[in-house]
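**Student:** Residue numbers (the UniProt record's numbering): 1 to 278. Cβ atoms here follow ideal geometry from the backbone N, Cα and C, with glycine treated the same way.
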Amino acid sequence: MTLRFGVILPGGTAREQLDLAVLAEQAGWDGVFVWEAAYGVDAWSLLAAMAARTTRVRLGTMLTPLPWRRPWKVASQVATLDQLSGGRAVLAIGVGAVTTDLPVTGEPTDLRLRAEMMDEGIDLIRALWNGARSYAGVHYQYETNRDDLGDVARPVQERIPIWVVAVWPRLKSMRRALRCDGVIPGHEPSTAAVKEMRTWLSEQGAPSTMDILAEGETPTDDPARGAELVRPWSEAGCTWWMETRWELPHHSPDRMAEIRARIAAGPPTLADATAGAD
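1. Around the Cβ of A89, are there at least 16 other Cβ atoms within 10 angstroms (buried) or fewer (exposed)?
2. In chain order, what residues of the same chain lie with their CB nearer than 8 Å to the CB of I160, ignoring the 5 residues before and after it?
3. Do M62 and W35 count as a contact pair if the criterion is CB distance below 8 Å?
4. Count the C-beta pairs between the stretch 142-150 and the stretch 204-216 that are closer than 8 Å, then say yes if the count reaches three, no if not.
5. Could you tell me whether the stretch 264-271 touches the stretch 227-243, where touching means 3 or more Cβ pairs closer than 8 Å?
6. Please report the residue range of the beta strand (DSSP E) in which W246 lies.
7. If I follow the unbroken beta strand (DSSP E) through W163, where does it start and stop?
8. With H, G and I counted as helix, E and B as strand and the rest as coil, what does DSSP make of D123?
9. Could you tell me the boundaries of the alpha helix (DSSP H) in which G226 lies?
10. In this structure, how does DSSP classify R260 when only helix, strand and coil are distinguished?
11. For the stretch 167-177 against the stretch 188-200, do three or more pairs of beta-carbon atoms, one drawn from each stretch, fall closer than 8 Å, so that the two count as touching?
12. For G86, which residues in the same chain have their Cβ closer than 7 Å to its Cβ, ignoring the five residues on either side in sequence?
13. Could you pull the DSSP bridge partners for S134 from this structure?
14. Tell me, please, whether the stretch 234-254 touches the stretch 36-46 by the rule of three or more beta-carbon pairs shorter than 8 Å.
15. So, helix, strand or coil for G276, using DSSP?
16. For the putative contact between P67 and P108, defined by C-beta atoms under 8 Å, what is the C-beta separation to the nearest angstrom?
17. Just the Cα atoms here: how many angstroms apart are G94 and A52?
18. Tell me the DSSP secondary structure of V183 in three-state form.
19. Using the Cβ count rule (16 or more neighbours within 10 Å means buried), how would you classify P219?
20. On a Cα-Cα basis, can you pick out the residue from M117, G237 and C180 that is closest to S190?
21. Can you tell me which of the three DSSP states W129 falls into?
22. Could you pull out every residue in the same chain whose Cβ sits closer than 8 Å to the Cβ of T105, ignoring the five residues on either side in sequence?
23. Looking only at C-alpha atoms, which of G121, M1 and A24 sits nearest to K73?
24. Alpha carbon to alpha carbon, how far is I259 from R15?
25. Which of helix, strand or coil does DSSP assign to R4?
26. Taking the alpha-carbon positions, what's the G40 to A257 distance?
27. Helix, strand or coil for E16, going by three-state DSSP, please let me know.
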């Protein structure tokens, strides 16, 4: 199973993040992902600009708090990105974090309610991408008598990947992942937990191509050490390594210089671990 490498941009102005996306593609990364905040640099406008300046990297958020967004609006934004990028969009979703460092906007915070809204949101987004003209749920209703809306917004990809946060071994959470195309493991799992998750997904009939993400930091100037850090996650069954720099402040000059240097150095390569052991 091939391990791909993405970079999650921690912040910065729109221009700074756009430049980092171009640099990431040039340096050999496989994906660029941006933070979606209640207020700040708009993720989807930024990703659209990245689509116009890149040709290869996957593009998406990390992540979109779906219960706090209108699903039809998210569906439109992702489909637009998919068209502009020639089929490189990814939608990563979660119920939304409730922490003291995020803005308070009056959105629902009850976990069960947000989970129900996310489930319906997934179904509605898929239905719209497949050309549906109506949807009736408990939390969302959608109706249109215009066929052209679905036609012009049809994604390039036959199935845009949806990655969802899921916590192993919570079965309700994991069953939601079965309806999607990838798992963003919650609660910082171990490699052993990822192996158990991969086995369970296989037993439930999930395709072998289903993505499982790992995230962390690898050094800029020590490729062998970077490969050592990444290899166990690949062996456990992860398909993406997400390079992160989450410490606050996200956009200080030192933080931006650090992430630029890390991106420029390129992703880890597993061959470096073998070379370093010789």
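**Tutor:** From the atom records:
1. As a working note, residue 89 is residue 89 in the sequence shown. The residue is buried, with at least 16 neighbouring Cβ atoms inside 10 Å.
2. Residue mapping note: residue 160 aligns to position 160 of the sequence shown, counting from 1. V78, A79, D82, A89, V90, L91 and W129.
3. In the sequence shown, residue 35 corresponds to position 35, counting from 1. In the sequence shown, residue 62 corresponds to position 62, counting from 1. It is a contact, given that the beta carbons lie within the stated cut-off.
4. Segments in contact, no.
5. yes
6. For the purposes of this step, residue 246 is identified with residue 246 of the sequence shown, where counting begins at 1. No beta strand (DSSP E) holds W246; DSSP gives it neither H nor E.
7. By one-based count along the sequence shown, residue 163 stands at place 163. Residue range I162 to A166 is occupied by the beta strand (DSSP E) that includes W163.
8. Numbered from 1 along the sequence shown, position 123 holds the residue referred to as residue 123. DSSP places D123 in helix when its eight states are reduced to three.
9. If you number the sequence shown from 1, residue 226 lands on position 226. Looking at the DSSP string, the run of the alpha helix (DSSP H) that includes G226 is P223 to A236.
10. As a working note, residue 260 is residue 260 in the sequence shown. Note: R260 maps to helix in three-state DSSP.
11. yes
12. Position 86 of the sequence shown, counted from the start, is the residue given in the question as residue 86. So the qualifying residues of the chain are V156.
13. As a first step, residue 134 is located in the sequence shown; it is residue number 134 there, counting from the start. E143, per the DSSP bridge assignment.
14. no
15. Along the sequence shown, read from residue 1 onward, the residue named residue 276 stands at position 276. Its pLDDT being 44, under 50, G276 is placed unreliably in this model, and the coordinates cannot settle the point.
16. Your numbering for residue 67 matches position 67 in the sequence shown. Your numbering for residue 108 matches position 108 in the sequence shown. About 6 Å separates the two Cβ atoms, so the contact holds.
17. Start at 1 with the first residue of the sequence shown, and residue 94 comes out as number 94. Start at 1 with the first residue of the sequence shown, and residue 52 comes out as number 52. About 27 Å.
18. For the purposes of this step, residue 183 is taken as the residue at position 183 of the sequence shown. V183: strand per DSSP, three-state reduction.
19. Position 219 of the sequence shown, counted from the first residue, corresponds to residue 219. The residue in question, P219, is exposed, as its Cβ has fewer than 16 Cβ neighbours within 10 Å.
20. Locating residue 190 in the sequence shown gives position 190, where the first residue counts as 1. The residue with the shortest Cα to Cα distance from S190 is G237.
21. Start at 1 with the first residue of the sequence shown, and residue 129 comes out as number 129. Here W129 sits in helix by DSSP.
22. Walking along the sequence shown from the start, residue 105 turns up at place 105. So the qualifying residues of the chain are A38 and W68.
23. As a working mapping, residue 73 is identified with position 73 in the sequence shown. The candidate whose alpha carbon is nearest that of K73 is G121.
24. Here residue 259 refers to the residue found at position 259 of the sequence shown. Here residue 15 refers to the residue found at position 15 of the sequence shown. Taking the straight line joining both Cα atoms gives about 15 Å.
25. Locating residue 4 in the sequence shown gives position 4, where the first residue counts as 1. Residue state, collapsed to three classes: strand.
26. On the sequence shown, position 40 is the one that residue 40 refers to. On the sequence shown, position 257 is the one that residue 257 refers to. When rounded, the distance between both Cα atoms is 20 Å.
27. Mapped onto the sequence shown, residue 16 falls at position 16. E16 falls in the helix class under three-state DSSP.
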